[in-house]
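Per our numbering, residue 1 is the first one in the sequence shown, and the count goes up by one each step.
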Amino acid sequence: MAEGDVVDVLTHDHDKVEELFQRYDRATSTTEKNQLAENIVIELLRHAAIEEKVVYPEARKIIPNGDEVIGREIAQQAAVERTMTALSATNPADPDFARLMRELMEMIREHVWEQEEVWFPQLRQRMSADNLRQLTEQVEAMYGTAPTQAAAPTMPRSSASDRPPVRLLLGVGTEIVERARQLVAGLVRVVTTFAEFIRRPAAAVRAARAGGGGGAPASVTG
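Structure (structure tokens):
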């Protein structure tokens with residue numbers, strides 16, 4: 001986990017994803033590219049779920065034109081999720097796989113620029129020290145129980161759905177989880193874990209971490 005406030009934590013996540021993008025560009029084998037693509041998707045799912053559950057509601061209230069800015073973020077995220085779903089249905093040897101990865105990279109880099117250059121500084125400037133600390137604690141608590149690449153199964157190569165995976169991750173109830181299993185079969189464990197930890201209050205997550213010594217999300221190692 002990055003030291004500092006919530007902006008530092010999320011920026012650290014952006015840096016990890018950018019590192020994965022660069023490793024993907026340098027990869028020479030289809031197998032390596034496929035594994036990196038899986039790791040990229042899992043990192044983005046985890047990051048987006050936490051942003052949408054914890055960060056966006058606060059940012060919407062605090063930053064200038066918050067409804068418009070966060071509405072645009074959510075629309076961009078929906079497009080990202082559709083591209084990731086298409087990736088999950090495409091063979092890595094197919095030329096469309098490289099095209100979809102390039103499209104994903106461009107969308108994420110635009111998303112990162114808007115956050116880091118436009119509204120992250122506004123969020124940091126406009127939140128009180130106490131509120132910023134509380135938001136940071138909530139994000140870190142959720143990261144402490146979020147799944148990582150090491151826990152995730154292989155990305156599926158089945159038919160794509162137009163229903164984005166993060167929307168399913170953010171849902172509640174067994175019906176949502178079951179639909180996620182059907183649509184993203186290769187990410188069952190990721191979906192189930194996210195559905196469970198997102199429903200838990202942040203205080204309960206912090207208590208669990210304090211009792212069990214839960215750690216920060218694993219760094220990308222390969």
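Ideal Cβ placement from N, Cα and C applies to all residues, glycine included.
query, result
"Three-state secondary structure (DSSP) of Met105", "helix"
"Simplified DSSP state of Pro64, which is helix, strand or coil", "coil"
"Start and end residues, alpha helix (DSSP H) containing Glu116", "Unbroken run through Glu116: none, as it is neither H nor E."
"Integer Cβ distance of Thr83 from Glu103, believed to fall under 8 angstroms", "6 angstroms"
"Ser128, DSSP secondary structure in three states", "coil"
"Closest Cα partner of Thr30 within the set Asn131, Ala59, Met101", "Met101"
"Rounded straight-line distance, which links the Cα of Val6 to that of Thr136", "4 angstroms"
"DSSP three-state assignment for Pro224, whether helix, strand or coil", "Here the chain covers residues 1 to 222 and nothing more, so residue 224 does not appear."
"Beta-carbon gap between Glu57 and Gln122 smaller than 8 angstroms", "In the sequence under discussion, the amino acid at residue 57 is Pro, which differs from the Glu named in the question. Not a contact, by the Cβ cut-off of 8 angstroms."
"Ala150 classed as buried or exposed, judged by whether at least 16 other C-beta atoms fall within 10 angstroms", "Residue placement at Ala150 is poorly supported in this model, since its pLDDT is 40, which falls under 50; the coordinates still yield a value, given next. Exposed is the call here."
"Counted within 10 angstroms of its Cβ, other Cβ atoms place Lys16 as buried (16 or more) or exposed", "buried"
"DSSP state of Thr192 mapped onto helix, strand, coil", "Bear in mind that the predicted position of Thr192 carries a pLDDT of just 44, short of 50, making it too unreliable to give a figure here."
"Neighbourhood of Lys33 by C-beta distance below 7 angstroms, restricted to the same chain and skipping five residues each side", "Tyr24, Ala27, Pro92"
"Local conformation of Pro92 per DSSP, three classes", "coil"
"8 angstroms Cβ cutoff met for Leu20 and Ile40", "yes"
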